[in-house]
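Position in the sequence shown (first residue = 1) + 171 = the working numbering. So the structure is just underneath, and the comments pick up after that.
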Amino acid sequence: MNDHGASSVRHEYLSCAVNRTPHQAEWLTVTDEHGTEHDVLVFGVHKAFAMAVSPCDPMSQVQYKWATNFAHEVHVLRTLEKPGEQPRVLLGSYGGALEVWQARPSSSLPVTWTCEASVPDAHTAAITAIGVVRDPYSREHASNVFVTGSSDSHLHVWDVASMQCVQTISLDGAFPMDIALVRMPGPAPVMLMAVALTEKRLFLYQRDGDAPFTLCLRLEGHTDWPRALDFTVAADVHRPTELSVYLASASQDSHIRLWKWQTDVSGSCGDTNDTTPRDTFEEMAQDLMPDDQGIKTKTHWLTMGGRPWALSLDALLLGHDAWVTDVRWCPTRAGTAPRAVLLSSSVDNSVMMWSPHVLSSDATSAWCALSDPEAAQSMWLPMHRLGDVGSLSGGFLGARWHPSSAWHTPAVAAHDRQGALHVWQRSADKKWAPLWTVSGHAGAAQSVAWEPLGDYFLSTGLDRTTRLHGTWHNADTRTWHELARPQTHGYDMHDAAWLDRTTFVSAADEKVLRVFGAPQAFVTSAQQLRTFQTMPQTRHVLALEVRERAQWHQGEALRDAMYAAMESRPAALSVLVFAEALHDCTRAWPSSTCSLRDVEALLQQLYLQAWAAAVAQDHLLADITVYILPAASSTPQAQALVTQWARTHTMVQGLWDVEGAFRPASSWSVWPLPVHTVPLGPCSSDVPPMEYTSAAQGPVVAVGGTFDHLHIGHKLLLSMAALCATDTLIVGVTGPELLTSKKHREYVESIEHRQAAVRHFVRDLRSTIAPLHTDCVAIHDVCGPAGTAEALRVLVLTEETVSGGQVIADTRAKNGVPPVHTYVVRLVDAHGNASSTAASKVGSTGIRAWLAAKHIEPGMEATQLLGGALETRASAAHVPPLGLSNRAVESSSSSSDVATPTFTTPPGPESLASLTLWPELEKLYGHGYELLSVAIDPVTQLIASTCKATTATHAVVRLFDGQARFKPCGSPLEGHALSITRVAFSPDGRYLLSVSRDRSWRVFVRHADEYVPWIGERAHARILWDGAWAWEAPSTLFATASRDKTVKVWSLIPDTSKPYTLCATLALKDAVTCVAWGPQHTLAVGLEGGDVVVYTAERTTSSTYEWRVQFTLSRHHTGTVHRLAFRPPGAWEDSYHQVSYQLLSAGDDGCVRLVSWP
């Protein structure tokens, strides 16, 4: 990767489609820097080529592609392999350019590819074919030339070493479809070239030594244009010391012909004129098909290298029902006999393996050789037929063998007209099963949209599909795959946005917005694939405000409120505690208003009351969390904190607060739900004396535990540790070797799972206060890092682990490191009572016993929290005949014959196309022209959309209320004169930004339940393509991107005469087509030429920033970058010790790419 400053960027995922021409993929073997061999599949993608490593590995995925210098797409791809050397990839473009790429060992991949030669004017028209030697015999004896053919009606012969054209052959107006080369056996260096042209005959050329190729025969037989050719060399059936040459030719006449060259046995050449008598087979064929001129067994005699060769038709293969697009002999190693097995692909949606009749039953474990007499005397028949009957893929354009199929487990790959790559492998019981797929948009990818919590994302494209991509967790590894194709449409797709985690709205080249909801089949599959990292949970929210110190000790008065909020067994209960007294708690604990012990007292009571309610409901997996919001509930800061929290905590179904002193201001809620007020119970008047705990706060704090099935006792301990730390929290998680004696050990979570749960809780807790660096480490003894860390200042313990604290103190003294302060947290018992004894505390052991008693499968605990959270209207969906809308398939519909499968591995192309649709829930009308953009405020679920427009009448933003059955909301928002290209809600939902072809931007502000025009400016010299808001709350920064090669960053300044200002103008080298904000004011910019530029900002004053380029991803796409999106916060972050930036992009090359960097 040669991107300036981007050495730390990791390529996570690449969704792409194989170019839609036959000769686009090769399966070959490469050698890494350690000398280990790997099989890789390389294939053309737009103006680049991509590589899949070990495609038969179900966890394999495509991550990298290499951009060529072509101005046009790759039209043909071939590999040139020589013994003892790394392979080369030969690429020809639609514009007539030629490039040669050499494989070289790499540290991050088995090999990387570097451009060895580039000939931009190799031909004057598209290169349609490249001929190389492929069989082991020819590679060993002659591979110093290759041949290119073009629609300019010429063949060029190239010397590999010099990359010079050494011969040009005119084809007299015909176009080459394929070229095959073979080195003829014998002492003389004779090369034979077969050329398939846009006519029925095959053209054969021979080359003696370094002499030019000369035409030696026009071979008749096919009744339509031949499409593909392949040579192999094998021992002669009757004379094992002699070698014969076989040519397979596939044609648009749906037939495959096998031609055979063998040396003249008698030494006298036969008659070469056309008066040769017909044999019995020809006489029979003439009677059956009197008008067919193609079935002939006539022998042609050729002299090559001083030796006579007899050429005849050896077999005619019938079985395909349409054009045969590719044909390949099974690959073999040098020195081994070629197998009598042939692979073909066709536009009849089938891939076939052919063999002599003796093999057609596949009764033996090893395929016999071409030289086997028994095989030579048998009729060739289809051995296996792969593919999908009735598929809408448009048929297969090419097929390839796994390079070691002849001596290892056989496998084949084929790509279809929609660009999907299919892979099948033969199992031990000799059945062929689909394994893995490379898939992507067969046209430009127009947009990408992350699910609100970042577990998966949607992409839309001009191939009229909406695709859902997510992760599959298998063998402790997560890999990205296309998991569903919710929408296949009759119109080009332009945009999509998520209404919630399982519902999205799409905008296509039509006047109607469509709403889709996930069927139960998808939810079940996502659970089985473990795609959900942030579990979709129904959530209740209870809000409290603490205004006086005494309230910290009155938690027992909240019992009724906690029980009310836990009614109906929500999967999660979130308690929001507003406390203005803690506004500066991350720097210095406010000793005059409250102490750590005061906060602990309230947290203790809140957790114990909620746990008691959960125990009463037999709901031990309830996710209970108490959050501290250090602001008064009536302030804008509190509103911003709640809004920001709400974006990452979805599916809120109930709101509660408490009357009296604990009741927050009425403006605290940002959800369009009623708030239930619960009476306050009796309050204690006993307030203990202030316990000053300033010594318990420090920059580095440590805490430890098993943290198995994270429960309220763990959360109380971690909460207090997180409040003690001002900079870094070290969390020691007990290693598995220390847990071998635990009861119900099979339910003990893995160390990775427990570490992720701890990271998630601490980051989630501190998200409303201030970020805290969390160092979550495995510990294998009592001390862990606490025994040696010099920077450690505070150790947080429980009453149970005080003795362990003494061991740590002794160890630190022994190691000569400073002593630490300790803070001891009280324990909670299994019934929710504070206790001074460890015997009755809430414990993971009790939870594991409860899981065992419930017969819940180990590892599937999280699915128990789903409950009815993801119940949908249908079990699946299908498209009825002549229909344009996805119809729901009800699970109760016994008469439905539509399949509703679920998947335990990522679905293949056939399943994606037909079995993963989502039902359409609603259509939204109102626009007069084709749609362009859609955006959604995830909290209020307001939908904003725009359409194409040439007048101000249609250049409007229309709003729909997703909470009120998608009714139009208010009047259309006016202000533009031409098409609005993008619309975006601010993170807090207060503002709505629109950008337009009229070169202006507009901001609408929310008043009550509607948006009204506020400000705007015509600030760019060309079209505005995109606009986006910064993530950080409150939302005051936004950026606009324009064709005038600039990005402008604006800041809102409410309550001033001019409520906005221009912060920065970023000049780029190319037209800017998209822009996206990420964490910490990171700004990604996509360009028309395919580059992605990432900026970082440092605040210099309250309203100004200094911008610098962090890195540039050069030619990240080989077409215009249409959309960028940073991955939003979610549980996916918990797998990382240091959370990475993850950036998604969609481009005109049809690719969707995901990259990350620290």
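Using N, Cα and C, we set each Cβ at its ideal position, and we do this for glycine too. Computed from a predicted structure; not experimentally measured.
Quick one: what's cysteine 895 bridged to in DSSP?
-> DSSP lists no partner for cysteine 895.
For valine 933, three-class secondary structure by DSSP | helix
Taking all protein chains shown into account, do 16 or more other C-beta atoms lie within 10 angstroms of the C-beta of aspartate 647, making it buried, or fewer, making it exposed?
-> Taking all protein chains shown into account, aspartate 647 has fewer than 16 neighbouring C-beta atoms within 10 Å of its C-beta and is therefore exposed.
To the nearest angstrom, report how far apart glycine 1079 and glutamate 653 are at their CA atoms.
-> Glycine 1079 and glutamate 653: Cα-Cα distance of roughly 9 Å.
Examine the Cβ distances between the segment 904-913 and the segment 857-872 and report whether three or more of them are shorter than 8 Å.
-> no
Should isoleucine 1194 and threonine 1152 be called a contact, given that it needs their Cβ atoms to be closer than 9 Å?
-> Judged by beta-carbon spacing, threonine 1152 lies within the 9 Å limit of isoleucine 1194, meaning their Cβ atoms are closer than that value.
Determine the extent of the beta strand (DSSP E) in which glycine 869 is found, giving its start and end residues.
-> Membership of glycine 869 in the beta strand (DSSP E) is indicated by the continuous run 869-876.
Looking at C-alpha atoms only, which residue of Asp349, Val797, Lys253 is the closest neighbour of glutamine 195?
-> Asp349
Looking at the C-beta of threonine 580, does it have a partner C-beta in chain C at a distance below 9 Å?
-> Chain labels in this structure do not include chain C; a single protein chain is all it has.
In its own chain, which residues sit with a C-beta less than 6 Å from the C-beta of threonine 369, not counting the 5 before and 5 after it?
-> Ala345, Phe346, Trp396
Rounded to whole angstroms, how far is the Cβ of tryptophan 1089 from the Cβ of proline 690, which I believe are closer than 8 Å?
-> 6 Å
For serine 324 and threonine 339, the rounded distance between their alpha carbons | 10 Å
Could you check how far apart the C-beta atoms of arginine 305 and aspartate 401 are, in whole angstroms? I think they sit under 8 Å.
-> 7 Å
Using 8 Å as the Cβ pair cut-off and three pairs as the minimum, do the segment 774-781 and the segment 838-847 touch?
-> Between the segment 774-781 and the segment 838-847, the count of Cβ pairs shorter than 8 Å is below three; the stretches do not touch.
Pull up the CB-CB distance for threonine 637 and glutamine 658, whole angstroms please, since I reckon it's below 8 Å.
-> 4 Å
Under 9 Å, do lysine 1219 and histidine 1191 count as touching if we go by C-beta distance?
-> yes
Pick out whichever of Ala1148, Arg1136, Lys1138, Cys1140 has its Cα sitting closest to the Cα of histidine 1125.
-> Ala1148
Rounded straight-line distance, which links the Cα of threonine 239 to that of glutamate 333 = What sits at residue 333 in the sequence shown is serine, not glutamate. Counting only the Cα atoms, threonine 239 lies some 20 Å from serine 333.
Can you say whether proline 850 is buried or exposed, counting buried as having 16 or more other CB atoms within 10 angstroms of its CB?
-> exposed
Are the Cβ atoms of valine 162 and lysine 1094 separated by less than 9 Å?
-> The structure shown has nothing for residue 162, since the chain only spans 172 to 1329.
Distance between tryptophan 198 and arginine 571 (C-alpha atoms, nearest Å) | The alpha-carbon atoms of arginine 571 and tryptophan 198 are separated by roughly 6 Å.
Within 9 Å, strictly: CB atoms of serine 677 and alanine 188 = no
Is the CB-CB distance between histidine 711 and glutamine 788 below 9 Å?
-> no
Any idea what DSSP makes of lysine 985, helix, strand or coil?
-> Looking at lysine 985 - three-state DSSP - the assignment turns out to be helix.
For my contact list, valine 995 and glycine 975 are in at a C-beta cut-off of 8 Å; report their separation, rounded to the angstrom.
-> At roughly 12 Å, the Cβ-Cβ gap does not stay under 8 Å, so valine 995 and glycine 975 are not in contact.
Could you tell me if tryptophan 1221 is buried or exposed, where buried requires 16 or more neighbouring beta carbons within 10 angstroms of its beta carbon?
-> buried
What do you get for arginine 389, buried or exposed, if any count of 16 or more other CB atoms within 10 angstroms of its CB means buried?
-> exposed
What is the rounded straight-line gap between the Cα of serine 739 and the Cα of alanine 732?
-> 14 Å
Flag this pair as touching only if the segment 921-931 and the segment 873-887 have three or more C-beta atom pairs under 8 Å; answer yes or no.
-> yes
In the DSSP assignment, find the alpha helix (DSSP H) that holds valine 770 and state where it starts and stops.
-> 767-787
Does the beta carbon of leucine 248 fall short of 8 Å from some heavy atom of the ligand MN?
-> This structure lacks the ligand MN; in fact it carries no ligand of any kind.
With a cut-off of 8 Å on the beta carbons, I'd call serine 1285 and serine 1311 a contact; round off their distance for me.
-> Actually they do not touch by this definition, with Cβ atoms about 21 Å apart.
Take valine 518 as the anchor and find which of Ser564, His528, Ala511, Leu489 has the nearest alpha-carbon.
-> Ser564
Cβ-Cβ distance between aspartate 115 and glutamine 1112 below 9 Å | Lying before the first or after the last residue shown, residue 115 is absent from the chain, which here runs from 172 to 1329.
Hey, would you say cysteine 756 sits closer than 9 Å to leucine 894, going by beta carbons?
-> yes
Tell me which same chain residues have a C-beta within less than 7 Å of the C-beta of alanine 604, skipping the five on either side of it?
-> Trp595, Gln596, Ser598
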